[in-house]
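Numbering (the numbering used here), first residue to last: 5 to 149.
Ideal placement from N, C-alpha and C gives every residue a C-beta, glycine not left out.
Data first, discussion second: the structure below is written as structure tokens.
Dropping the structure here:
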């Protein structure tokens, strides 16, 4: 029997916040590399190769750390780790990839109804009884009054 306890939501969210800060720094570095690779030319918004490149940077961060160490840097700080559900040992590369892909898909699923809803509501809007609106001017948000 394993004596490890399952990580609660607080530690998981804390680790995710730390990881998002680290990923943000990685994306700044990745952007600088892309700028160097294009001889200082800005990459146009929506450029497929750049989106794939950024996606790969994010995926590699999570997948590599989960697979090789069982922890991202944020997870180290919050003292949580990923283990195989059956053996409590290290996870495989396949498990790390599956974990990442499923995390991204479940996040995206929340936004999928926007495409089909006449009022462009996400699952998050529907569940919480809110609307997400497009502002024309900053003053519309109530700032600067």
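{"Item": "Supposed close pair residue 186, residue 22 - CB separation, criterion 8 Å", "Value": "As displayed, the chain neither begins before 5 nor continues past 149, which places residue 186 out of reach and without an answer."}
{"Item": "The alpha helix (DSSP H) enclosing residue 132, as first and last residue numbers", "Value": "127-132"}
{"Item": "Sub-8 Å separation of residue 38 and residue 52 beta-carbons", "Value": "no"}
{"Item": "Buried/exposed call for residue 105, threshold 16 Cβ in 10 Å", "Value": "exposed"}
{"Item": "Own chain, CB closer than 8 Å to residue 93, minus 5 neighbours either side, in chain order", "Value": "87"}
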